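The structure appears below as structure tokens.
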Ligand SMILES: Nc1ncnc2c1ncn2[C@@H]1O[C@H](COP(=O)(O)OP(=O)(O)OP(=O)(O)O)[C@@H](O)[C@H]1O
Ligand SMILES: [Mg+2]
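Residue numbers (the numbering used here), protein chains in the order written: chain A, 1186 to 1494; chain B, 113 to 371.
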């Protein structure tokens, strides 16, 4: 394969996973919700994209719809899960991912079942060379990554973001201070799921073929590694974590293709990820990037206050 | 007229009957004290009033509205505020953020408000920050305003807990041992502030073991014992009641009535 295309391919995956890591960051990093079914919403987005694209919808509408469907699923799952104790959310989301995958696998009529489904490229009509298509994909994905990044920064550095962080620390205390945590948790799951849905749509659009085996719980695991490595409750952390992990992930495949090694670097990488997580939790439990204090303008008033040091 | 009426609250945990038809009334614009031996059910009663514990029986009426059965955030909406006996702060957030989170009617705490009414909430944030700083001034916490509450000492945490309750502009505040773990001078200062707020019309129901505070500042005192409200009256009446000595103070009658 063309080396440039290989690099561009890596960039596309970095962007898609950055979206996933940022979406988990809204849920876990800021709100403290342990979503262990991230792949379900990614898959929902990918299949929504595939089905709507097959209907001939333009790609941007497919992406919007992927976000809506995944977001709606996020709201749906929040209904039972948020009323239960915290650890149940993990179980419910984890199970949800597997159930969704099994349904799609079994429903041949819906989206090809186990055989998968092909998807038209968003740039099909433009008659581009493979290299130009690769560039177009990089631009498409990263424009959305930047957009989501800015959106989340705007959403989080607000009194709203303060309530989310409060829920992460102590949801009962938030309730006592007049905010219904169920509402906020449901919204966080909706936003996170919608972003994961967009990532899924981009994934389907880029690969132009998806099948249920691409959506194993391993994807969720990778996203968690990215967030914990980068630093929860920091969007830069989520972004950089995704870039680093994807670099290793893609790099090991690259090694496999270009070098003859006595072992499969693809398998070794998971050992490395495991070690990395252990070392990180031991020596840098907050990840590469630390959570930044909230900036809403209120902090500036402290410095103006006469008796402040 | 009673602003808060607690009527026949019973609660048991497993086989343990913690509250037995406990009733009390708090008159508007008063500081009402609640005393009683450790484990007599004071905190449980306060938590029940605020919807944190569901009573087995009984009702709570606040300003003529039945609030028992409502979630705590609805009770907050009705105009009550609450502070925990053991502080439950947001430990990774700053002292300032802990107070701001308690503020009422914030434009920026809703999803759409945060995104689409930025100018409004930024102005409101500045106003609320100044209000929070006034409270922190009283509590002596201004130098720590931008520190995470996880870095504070036990007593300082207690102060932030009280600060949050003051921040929400309530009609009435439930305080669970506000002076516990706080140094005497500051404890007194806090009570003086509460009295000033009472004079402005606020109502307080305060659990307190520091008798001298209640004797100085309370308008009325209730005493609980073994899950029941057994005694009530003005501080002077209560302190002259032998039951009060027998169950709460002990043998010595040497508690001075200050002032
Ligand atoms: N969640 C619970 N489960 C079981 N027992 C409880 C629970 N909460 C309180 N209790 C019991 O109820 C009794 C009353 O507790 P409570 O905290 O109301 O006492 P208190 O009057 O506030 O005491 P103190 O002055 O020490 O704060 C205690 O015996 C306690 O063990
Ligand atoms: Mg108590």
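Every residue gets a Cβ at the ideal spot worked out from N, C-alpha and C, and that includes glycine. Note that the structure is predicted; figures quoted are calculated from it, not measured.
Setting aside the 5 residues that flank it on each side, residue 248/B is surrounded in the same chain by 254, 257, each with a C-beta closer than 6 Å to its C-beta; the list follows chain order.
Counted as a single uninterrupted DSSP element, the stretch harbouring residue 1411/A is not any beta strand (DSSP E) but the alpha helix (DSSP H) occupying residues 1402-1415. The closest CA to that of residue 216/B, considering only 337/B, 237/B, 291/B, is found on 237/B. For the pair residue 1274/A and residue 1381/A, the CB atoms are not nearer than the 8 Å cut-off. What residue 1364/A touches in chain B, judged by beta-carbon distance under 7 Å, is 185, 221, going in chain order. Counting the other CB atoms within 10 Å of its CB gives residue 1300/A a total below 16, which places it among the exposed residues.
For residue 1398/A, no alpha helix (DSSP H) run applies, since DSSP gives it neither H nor E. Only those residues of the segment 1472-1491 of chain A whose C-beta falls short of 8 Å from the nearest C-beta of chain B are listed: 1476, 1478, 1479, 1481, 1482, 1483, 1484, 1485, 1486, 1487, 1490. Setting aside the 5 residues that flank it on each side, residue 225/B is surrounded in the same chain by 219, each with a C-beta closer than 6 Å to its C-beta; the list follows chain order.
Only buried fits residue 268/B, as 16 or more other CB atoms lie within 10 angstroms of its CB. The closest heavy atom of ligand 1 lies 7 Å or more from the beta carbon of residue 194/B.
Separation of the CB atoms of residue 241/B and residue 279/B is rounded to 11 Å, and the pair is thereby denied contact status at 8 Å. Around ligand 1, the residues selected by a Cβ distance under 5 Å to any of its heavy atoms are 125/B, 130/B, 150/B, 151/B, 152/B, 153/B, 154/B, 155/B, 156/B, following chain order.
Not one heavy atom of ligand 2 falls within 7 Å of the beta-carbon of residue 337/B.
Boundaries of the alpha helix (DSSP H) around residue 1334/A: 1315-1341.
Interface with chain B (8 Å Cβ-Cβ cutoff): residue 1216/A is excluded. Residue nearest to residue 1463/A within the set 1295/A, 1410/A, 1390/A is 1410/A (criterion: CA-CA distance). If the five residues before and after residue 1203/A are omitted, its C-beta is found closer than 6 Å to the C-beta atoms of 1330, 1424, 1427, all from its own chain and listed in chain order.
For the options 1447/A, 1432/A, 1449/A, 1472/A, the alpha carbon positioned closest to that of residue 1194/A is the one of 1432/A.
Fully enclosed alpha helix (DSSP H) runs of no fewer than 4 residues occupy 223-228, 230-251 of the segment 210-266 of chain B, in order along the chain. Residues of the segment 1324-1348 of chain A with a C-beta atom less than 8 Å from some C-beta of chain B are 1339, 1340, 1343, 1344, 1345, 1346, 1347, 1348, listed in chain order. Between residue 1296/A and residue 1308/A, the gap from beta carbon to beta carbon reaches 8 Å or more.
In the DSSP annotation of this structure, the continuous segment of the alpha helix (DSSP H) that includes residue 1373/A starts and ends at 1366-1392. For residue 197/B, the secondary structure class from DSSP, reduced to helix, strand or coil, is coil.
No Cβ of chain A is located within less than 8 Å of the beta carbon of residue 142/B.
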